[in-house]
Amino acid sequence: MLASIHRLGLVLGLTLCGAAMPAVAQDGDLVTFSTQTASVTYGPYGRFALGTSANSYDNGRWQNGQGDPTISFGLMDEDTGFGELAVGFDWQNGFRADLAFAHFGSANAIGPCVAVSDLTPCNDHADISAATISTDTIMANLFYAPMEHRGSNSVFQPFVMAGLGIAINDVGNWTREANPGSPAVNNVNPADNRPFRTFEGNTEIEFAWSVGLGASWQVSRPGRHPVILEASWRYFDLGTASGGANPVPPSSINGNSSPTVPLTFDNTRQVFSLGVRIPLQRL
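The numbering of the sequence shown is the working numbering, which starts it at 1296 and goes up by one.
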């Protein structure tokens, strides 16, 4: 994940640096993007973006039954794709806002036991050997461009943003796999001879928020209908994701009992994206 963050960070940095470099106008005069005049963007707009999501699943845990210890898992981070569509309004005074619909692609959320609440060894318990998660979001976003707010009409505009909304976290069927030292594997308790137990998935709606920064670059010629490229980094907190508690048949393998706390973890993302914003009215 860190390698992907570094690569995408480099892409974002090169994009922003490239936008800040001098450009040559049609008449041959040297101008910079800090002085080159942008077309009017006031009014409604459409926006779409594609990127990569660096996922982080913190505080992974489950509890088999009432009175049993809570098992904590080191769920492995995994990158996935990201796509977003939005409609909004630009006041062209440094502020714009939009309503965005985004999808984070399916990714694994698996990992070993790392701690047990009663301090017994992880080898006596289980790991998460199979689980997936995908997330859809609906968020209201507010963008602030400080240069534009101070009166700059440059084609290059850095910005910061924040968003609030909901996340629909969809966890697929998940499997806990007993470790070699556990009773389920060693037949210490023949009635619990279940090295693998698989449970149903679950979908939950959670409160979500995001913050980020980026820059926009109007690539159309002054006076033409504007087309604006955007590069951004954003942090998303998508709430808590949980698997289901119902065992998947056959019951002879999975047992009939349901965990007190199914697989549960915090769902956070870092997203690097490139997008296009197009004003919807001509002035």
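Idealized CB from N, CA, C, for every residue including glycine.
Note that this is a predicted model, so its numbers are computed, not measured.
Exercise for review: Along the beta strand (DSSP E) that carries M1456, what are the first and last residues, could you check?
Suggested key: By one-based count along the sequence shown, residue 1456 stands at place 161. F1451 to V1466 is the span of the beta strand (DSSP E), which, as asked, contains M1456.
Reduced DSSP category for D1419 - H, G, I as helix; E, B as strand; rest coil: Taking the first residue of the sequence shown as position 1, residue 1419 is located at position 124. In this structure, D1419 counts as helix in the three-state DSSP scheme.
Between which residues of its own chain and A1333 is the CB-CB distance below 6 angstroms, once the five residues before and five after are set aside? As a working note, residue 1333 is residue 38 in the sequence shown. The residues are N1448, V1450 and Q1513.
**P1441 - DSSP class collapsed to helix/strand/coil** = Taking the sequence shown and counting its residues from 1, the one referred to as residue 1441 is at position 146. Helix.
ask   = If we count the other Cβ atoms within 10 Å of its Cβ and call it buried at 16 or more, is L1574 buried or exposed?
value = The residue you call residue 1574 lines up with position 279 of the sequence shown. The residue asked about is misnamed: residue 1574 is Pro in this sequence, not Leu. Per the 10 Å Cβ criterion, buried.
Q) Considering V1409, what are the terminal residues of the beta strand (DSSP E) in which it resides? A) Within the sequence shown, residue 1409 is the residue found at index 114, counting from 1. Here the beta strand (DSSP E) through V1409 covers C1408 to V1411.
Practice task
Tell me, please, which residues DSSP counts as bridged to D1363.
Solution key: In the sequence shown, residue 1363 corresponds to position 68, counting from 1. Bridge partners of D1363: none, in fact.
- Should the region 1457-1475 be regarded as contacting the region 1491-1499, the criterion being three or more beta carbon pairs within less than 8 angstroms? yes
Could you tell me which residues DSSP puts in a beta bridge with I1405? Mapped onto the sequence shown, residue 1405 falls at position 110. In the DSSP output, where bridge partners are listed per residue, I1405 has none listed.
* **Close-in-space but distant-in-sequence residues of the same chain around M1316 (CB under 6 angstroms, 5 per side omitted)** => Indexing the sequence shown from 1 puts residue 1316 at position 21. Low per-residue confidence applies at M1316: pLDDT is 42, beneath 50, and the placement is therefore not dependable, though the value from the model is reported in the following sentence. Counting only Cβ-Cβ distances below 6 angstroms, and skipping sequence neighbours, we find nothing.
Next item on the list: Buried or exposed for N1464, please, with buried defined as at least 16 other CB atoms from any protein chain shown within 10 angstroms of its CB.
Entry: The residue given as residue 1464 occupies position 169 in the sequence shown. Its Cβ being crowded by 16 or more others within 10 Å, N1464 is buried.
Spatial neighbours of V1466 within its chain, please: CB distance less than 6 angstroms, with the 5 preceding and 5 following residues excluded, ordered by chain position.
Stepping through the sequence shown from its first residue, residue 1466 is reached at position 171. If we look at V1466 and ignore the five residues flanking it on each side, its Cβ neighbours are I1428, G1496, N1497, A1536 and G1538.
**Prompt:** Where do the N-terminal and C-terminal ends of the beta strand (DSSP E) with G1539 fall, by residue?
**Reply:** Taking the sequence shown and counting its residues from 1, one reaches residue 1539 at position 244. No beta strand (DSSP E) contains G1539, which DSSP labels as neither H nor E.
ask   = Does DSSP classify S1351 as helix, strand or coil?
value = As a working note, residue 1351 is residue 56 in the sequence shown. If DSSP states are grouped into helix, strand and coil, S1351 belongs with the strands.
Q | Residue from E1501, G1460 and R1445 whose Cα sits closest to the Cα of I1433 | A | Here residue 1433 refers to the residue found at position 138 of the sequence shown. Closest by alpha carbon: G1460.
- Terminal residues of the continuous beta strand (DSSP E) containing Q1513? On the sequence shown, position 218 is the one that residue 1513 refers to. Run containing Q1513: N1497 to Q1513, per the beta strand (DSSP E) assignment.
Checklist entry - Helix, strand or coil: how does DSSP classify E1472 here? => result Working through the sequence shown from its first residue, we reach residue 1472 at position 177. Three-state result, E1472: strand.
- Task: Keeping to the same chain, check which residues put their C-beta closer than 6 angstroms to that of I1523; ignore five residues upstream and five downstream.
- Result: Counting from 1 along the sequence shown, the entry for residue 1523 is found at position 228. Once the five neighbours on either side are set aside, the close Cβ partners of I1523 are S1511, Q1513 and R1572.
Q) Under 7 angstroms between the Cβ atoms of Y1340 and G1383? A) What you label residue 1340 is simply residue 45 of the sequence shown in a count that begins at 1. What you label residue 1383 is simply residue 88 of the sequence shown in a count that begins at 1. Yes, Cβ-Cβ distance for Y1340 and G1383 is below 7 angstroms.
Quiz prompt | Euclidean distance between Cα positions of Q1387 and Y1530 | solution = To locate residue 1387, count along the sequence shown from 1; it is residue 92. To locate residue 1530, count along the sequence shown from 1; it is residue 235. Cα to Cα, the separation comes out at about 25 angstroms.
Q. So which of S1527, G1360 and L1558 has the shortest CA-CA distance to F1343?
A. Sequence index remark: in the sequence shown, residue 1343 carries index 48 (1-based). Answer by Cα proximity: S1527.
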